[in-house]
Amino acid sequence: MIRASIKSKEKEDISLLINIDNHPWNYICDCGQASGFSVKEYQNTKAIFISHTHFDHFLGWDQIMRHQMDSKQKVIICGPLNIAKQVQSKLRAYTWNLISEDAITYEIREIVSEDLIKVYSMVPNNWELIEEKTISSKVVYQEDNFTVRYAILDHKTPCIAYRFDEVDSLKINIEKSPYPGGPWVKNLKEAFEQNNPDTEIEIKEEKIRAKDLFHLIEKKIGHSLGVIMDHAADESNHQKISDLFSACDIVYMESFFMAADKELAMQHFHSYTIPSGSILKKIGVKEAVPMHFSRKYNAEEIEELIREFEQAFEE
Ligand SMILES: [Zn+2]
Ligand SMILES: [Zn+2]
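If you're matching positions, the sequence shown starts at 249 in the numbering used here and goes up one per residue.
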């Protein structure tokens with residue numbers, strides 16, 4: 249399962265911590281001011297996914313960087329066009345004469361278009377950007393048990409939405425099986441994955457051909473989680489959201505304004521409660537969480553805003 253938690257408190261910006269089952273690292277989506285993180289969570293972050301660099305999404309990156317510096321690790325930063333230069337500019341605003349070259353390595357994956365990513369690397373202390381490669385891919389990040397794909401939304405500036413997908417896995421239905429669990433389960437899965445139906449599977453003293461056990465195998469579809477930040481609530485963005493997030497298990501969705509402030513939303517290329525809730529409903533998202541509310545609203549208005557969103561998602 250993939251879980252997100254909002255680490256920004258009331259009146260702060262937006263920042264999400266992402267955790268994946270059976271995976272030792274955690275991930276961060278956007279870096280607004282957010283005081284809910286622990287130092288350990290920062291230090292354990294392997295990659296950061298930035299939607300766009302309006303200051304309420306990027307301001308808190310310095311704080312993460314501070315706690316990761318001298319970790320000797322590689323940290324990956326994914327983001328929109330120009331993210332590499334913007335990260336470099338932040339780093340170059342400080343003095344680094346006491347930091348060694350191996351203190352940290354940044355790999356920056358700059359999303360240029362729907363299937364083009366430029367990869368840069370950067371080390372202390374002059375933070376020169378080295379262009380490593382350009383890859384043609386819709387996948388911006390991959391681990392053994394999950395992948396991250398993206399869409400480029402329009403917020404009068406490119407704003408990247410990210411979809412995390414756990415890899416599908418195989419499960420043996422032990423209840424249907426005449427045998428209790430044991431090492432054979434792993435061997436059977438391997439035989440299935442490698443398409444070796446004639447492999448002999450040893451269960452206690454018995455030897456059984458793999459294909460005679462294949463009926464016990466079930467495919468477990470991986471869990472999926474989406475993070476959709478700032479975007480105009482228009483047809484072209486909704487088409488891109490539909491293409492990437494259809495049937496997603498859970499989506500965290502920008503819902504900056506209430507319906508009464510629709511005009512403000514349009515002026516600022518933001519979404520608001522009703523289109524945010526209804527587009528996710530329309531594309532079969534199972535659970536929707538509104539996030540990133542304008543700071544102009546008080547606690548009571550935020551409750552009302554959430555109700556509006558939920559109603560639109562339920563209708
Ligand atoms: Zn923005
Ligand atoms: Zn924003």
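Heads up, the beta-carbon is just placed ideally off N, CA and C, and yes, glycines get one too. Note that the structure is a prediction, hence the values are computed from the model and not measured.
Under 8 Å between C-beta atoms of residue i and residue j
{"i": "Gly280", "j": "His305", "result": "yes"}
{"i": "Leu418", "j": "Ile465", "result": "yes"}
{"i": "Ile476", "j": "Ala409", "result": "yes"}
{"i": "Ile527", "j": "Ile489", "result": "yes"}
{"i": "Ile531", "j": "Phe557", "result": "no"}
{"i": "Lys257", "j": "Phe285", "result": "no"}
{"i": "Glu358", "j": "Ile365", "result": "yes"}
{"i": "Val387", "j": "Arg411", "result": "no"}
{"i": "Ser524", "j": "Glu502", "result": "yes"}
{"i": "Ser519", "j": "Ala560", "result": "no"}
{"i": "Lys294", "j": "Trp309", "result": "no"}
{"i": "Ala332", "j": "Tyr368", "result": "yes"}
{"i": "Cys407", "j": "His479", "result": "yes"}
{"i": "Ala507", "j": "Ile522", "result": "yes"}
{"i": "Phe394", "j": "Glu414", "result": "yes"}
{"i": "Asp278", "j": "Ile262", "result": "yes"}
{"i": "Ile312", "j": "Ile276", "result": "yes"}
Residue i, DSSP secondary structure in three states
{"i": "Lys455", "result": "strand"}
{"i": "Val323", "result": "strand"}
{"i": "Glu552", "result": "helix"}
{"i": "Met313", "result": "helix"}
{"i": "Ala480", "result": "coil"}
{"i": "Asn292", "result": "coil"}
{"i": "Val360", "result": "strand"}
{"i": "Lys381", "result": "strand"}
{"i": "Asp497", "result": "coil"}
{"i": "Gly525", "result": "helix"}
{"i": "Lys488", "result": "helix"}
Separation of residue j from residue i, as counted between CA atoms
{"i": "Ser210", "j": "Asp497", "result": "Look at the range of the chain in this structure, 249 to 563, and you will see that residue 210 is not part of it."}
{"i": "Arg314", "j": "Pro372", "result": "13 Å"}
{"i": "Phe541", "j": "Glu260", "result": "10 Å"}
{"i": "Val499", "j": "His271", "result": "21 Å"}
{"i": "Tyr545", "j": "Leu329", "result": "31 Å"}
{"i": "Glu355", "j": "Lys322", "result": "7 Å"}
{"i": "Leu339", "j": "Met370", "result": "10 Å"}
{"i": "Asp350", "j": "Gln390", "result": "24 Å"}
{"i": "Asp447", "j": "Leu461", "result": "Checking the sequence, you will find Thr at residue 447 rather than Asp. Cα-Cα distance, rounded: 11 Å."}
Host alpha helix (DSSP H) of residue i (start-end)
{"i": "Asn393", "result": "Here Asn393 belongs to no alpha helix (DSSP H), and DSSP marks it neither H nor E."}
{"i": "Glu258", "result": "Run containing Glu258: none; DSSP gives neither H nor E here."}
{"i": "Lys468", "result": "Element bounds for Lys468: not the alpha helix (DSSP H) but the beta strand (DSSP E), Ile465 to Lys468."}
{"i": "Ala439", "result": "Pro431 to Glu441"}
Span of the beta strand (DSSP E), counted from its first residue to its last, around residue i
{"i": "Asp413", "result": "Pro406 to Glu414"}
{"i": "Ile331", "result": "Element bounds for Ile331: not the beta strand (DSSP E) but the alpha helix (DSSP H), Ile331 to Arg340."}
{"i": "Leu418", "result": "Ser417 to Ile420"}
{"i": "Pro535", "result": "Note on residue identity: the sequence assigns Glu, not Pro, to residue 535. Looking at the DSSP string, the run of the beta strand (DSSP E) that includes Glu535 is Glu535 to Met539."}
**OP:** Please list, following the chain, all residues that have a C-beta closer than 6 Å to any non-hydrogen atom of ligand 1.
**Re:** His300, His302, His403 and Asp478
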